[in-house]
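Take a look at the structure below.
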Amino acid sequence: MNTELNRIERILRFTIEQLNKLLSALILLISLFLFMQVLFRYVFHFPLYWVEEVVKYLMIYVTTIGGGVAFYDSGHPRIIVFCNMLPQKIRPYYEIVLRILILFFAGVFIFIGTKYALDNWWIATSALEIPYTWPYLALPIGGLVIFFILILDNCDILFHKRSFLESFDYVGELK
0 MNTELNRIER
10 ILRFTIEQLN
20 KLLSALILLI
30 SLFLFMQVLF
40 RYVFHFPLYW
50 VEEVVKYLMI
60 YVTTIGGGVA
70 FYDSGHPRII
80 VFCNMLPQKI
90 RPYYEIVLRI
100 LILFFAGVFI
110 FIGTKYALDN
120 WWIATSALEI
130 PYTWPYLALP
140 IGGLVIFFIL
150 ILDNCDILFH
160 KRSFLESFDY
170 VGELK
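In numbering that gives the first Met the number 0, the protein residues as written are 0 to 174.
So this is what it looks like as structure tokens:
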């Protein structure tokens, strides 16, 4: 296989790199907020009531955005035992079915999450008093990330004659 990266692979890797930076920043923020909460609660005896809500919503964003990165890094759970029982010729079809299902559920995340975000703009969260739109936006954003990464990966496979089996060795590790 050609070691030079094609345009789609470069876009994919750049996107994953930027998402990893974003996720790292969000996790750092979560850690700082939690440290600050412990400090204020036990040292100053003045708990910050809003920190738990901020951390909860940041964790939702980390989880939904991290789903796309996990897919790219082959971190999503697959039924490896089942796949290893399949004949070599059938494994690409198994991968195609999985990808179609993931695209479908990413679309559901986008649709339902957008609906929830738009329907709940008038309800405020208890501590921050921001519209529930902001927490619910994590669903369509995560769905879009997964959808975008999967579409780019599928285009890379189709247009650069790369096989599904080149991406996954079906023992759970990325080649």
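Backbone N, C-alpha and C fix where the C-beta goes; we use that ideal spot for every residue, glycine too.
Under the three-state DSSP convention, the category residue i falls into
i	result
Pro130	strand
Val170	Confidence at Val170 is low in this model, with a pLDDT of 46, below 50, so its placement is unreliable and no value can be given for it.
Phe45	coil
Leu117	helix
Leu85	coil
Status (buried if at least 16 other CB within 10 Å, exposed otherwise) for residue i
i	result
Leu213	Absent from the structure is residue 213, since the part of the chain shown begins at 0 and ends at 174.
Tyr135	buried
Ala116	buried
Asp155	buried
Pro183	With the chain covering only 0 through 174, there is no way to say anything about residue 183.
Thr62	exposed
Whole-angstrom distance between residue j and residue i, CA atom to CA atom
i	j	result
Ser125	Leu85	51 Å
Val53	Pro130	13 Å
Ile7	Phe13	10 Å
Leu97	Met58	26 Å
Glu94	Gln36	45 Å
Leu25	Ala137	13 Å
Phe104	Leu151	17 Å
Beta bridge counterpart(s) of residue i as assigned by DSSP
i	result
Ala105	DSSP lists no partner for Ala105.
Ala123	Pro130
Span of the alpha helix (DSSP H), counted from its first residue to its last, around residue i
i	result
Asp155	137-158
Arg12	6-37
Tyr53	Going by the sequence as given, residue 53 is Val instead of Tyr. That run of the alpha helix (DSSP H) goes 50-71.
Within-9 Å CB hit, residue i to chain C
i	result
Asn19	The structure shown contains no chain C; it holds only a single protein chain.
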